[in-house]
Amino acid sequence: MSRYPVYLLSLRNKGSIVANAKLATTDAKRDIGGSVLGKEYVRVYVEGLENVDSRNKGEELIPRPVSNIRTLIDAIGYVIAWPHFT
Numbered sequence: 001m002s003r004y005p006v007y008l009l010s011l012r013n014k015g016s017i018v019a020n021a022k023l024a025t026t027d028a029k030r031d032i033g034g035s036v037l038g039k040e041y042v043r044v045y046v047e048g049l050e051n052v053d054s055r056n057k058g059e060e061l062i063p064r065p066v067s068n069i070r071t072l073i074d075a076i077g078y079v080i081a082w083p084h085f086t
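Every letter in the sequence shown is one number past the one before it in full-length UniProt numbering, and letter 35, counting from 1, is 35.
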């Protein structure tokens, strides 16, 4: 796994950082939760929440839920697919 730190941007509040993570891979052919990543997503290992306040309680839904991992707070300690912003 990569050691590159990344910040996850909110999918609801443009420009807002909601979590910190480590980049796992950008390989579009990799599988996560039964689906191929594709060029629009990267695999990240979620380490924790950022800017925790009334706007960010970790309740933001992840775009590709896997079993019981549905929100960012659920994803802490796991690898998930997250949209790749350029």
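In this text, a Cβ means the ideal position worked out from N, Cα and C, and glycines have one as well. Just so we're clear, the structure is a prediction, and the values are computed from it rather than from any experiment.
Between the alpha carbons of residue 83 and residue 34 lies a gap of roughly 17 Å. The residue from 46, 23, 72 with its alpha-carbon nearest to that of residue 3 is 23. Apart from sequence neighbours up to five positions away, the residues of its chain that approach residue 30 with a beta-carbon distance below 8 Å are 36, 37, 43, ordered along the chain. The Cβ-Cβ distance between residue 50 and residue 19 falls below 8 Å.
Excluding residues up to 5 positions away in sequence, 10 lie with their Cβ nearer than 6 Å to the Cβ of residue 16 in the same chain.
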